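Working notes, structure below.
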Amino acid sequence: MSDIENKEEQIVEEVTYTLEDCSPELRHVIQYEEVPEELQDMLINVYKASEPTSREAWNQLPASAQNVLDNFEQFHALIALSQSYSGIDFLGEMQETEKPSDMTDEEFTDYKAVMLDKVLHNCVKDMCKQLKKARQNPPMKREFQDIFKK
Numbered sequence: 003m004s005d006i007e008n009k010e011e012q013i014v015e016e017v018t019y020t021l022e023d024c025s026p027e028l029r030h031v032i033q034y035e036e037v038p039e040e041l042q043d044m045l046i047n048v049y050k051a052s053e054p055t056s057r058e059a060w061n062q063l064p065a066s067a068q069n070v071l072d073n074f075e076q077f078h079a080l081i082a083l084s085q086s087y088s089g090i091d092f093l094g095e096m097q098e099t100e101k102p103s104d105m106t107d108e109e110f111t112d113y114k115a116v117m118l119d120k121v122l123h124n125c126v127k128d129m130c131k132q133l134k135k136a137r138q139n140p141p142m143k144r145e146f147q148d149i150f151k152k
């Protein structure tokens, strides 16, 4: 049997994350925003998958914008929440969108993937913009901070 055939036969282990695998900040956001239980698995998976992108965006923020929140984990939890809801909205819209006649199924699938990636990227950009605004807008800053008050 060739190496290629061996690799195809390997069993892929599916990793399932739970709220216990996530930060207290994400658990707090889920509770504060009253995220429906049906969406929590998706949110947890988005949270786990988005960490590198969130970390990169956090590191590029000015310290004054970072100081609106207490730490990176709060930022990451808010981004995951935003991406989850935006992703659901986008996927719902795409289900109603008919494939253009000049596109193959593969091209349409690629198109949807690229568009979803843009939507998720825009969530990160929007959160960064909001934090930058909040540093000079006390009511907006308080809104962010109220989410994480114990």
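In the numbering used here, the protein residues as written are 3 to 152. Just so it is clear, CB atoms sit at the ideal spot from N, CA and C, and this is done for glycine as well. Given the structure is predicted, the values throughout are model-derived calculations rather than measurements.
A Cβ-Cβ contact shorter than 8 Å links Leu28 with Ala79. In the DSSP assignment, Thr111 falls within the alpha helix (DSSP H) that extends over Asp107 to Ala136. In terms of CA proximity to Asp23, Asn47 leads the group Ile81, Asn47, Gln33 and Thr111.
If you ignore the 5 residues before and after Lys143, its C-beta comes within less than 6 Å of the C-beta of Val70 and Ala136, all in its own chain and listed in chain order.
Note on Ile90: under 16 other CB atoms within 10 angstroms of its CB, so exposed under the neighbour-count rule. Residue state for Ser103 is assigned as coil, using DSSP reduced to three classes.
By the neighbour-count definition (other C-beta atoms within 10 Å, threshold 16), Leu93 is an exposed residue. With the rule of 3 Cβ pairs closer than 8 Å, the stretch 82–89 counts as touching the stretch 112–129. Taking the C-beta atoms as reference points, Asp72 is found nearer than 8 Å to Phe150. Taking the Cα of Glu53 as reference, the smallest distance to any Cα among Phe77, Ser66 and Ala67 is reached at Phe77.
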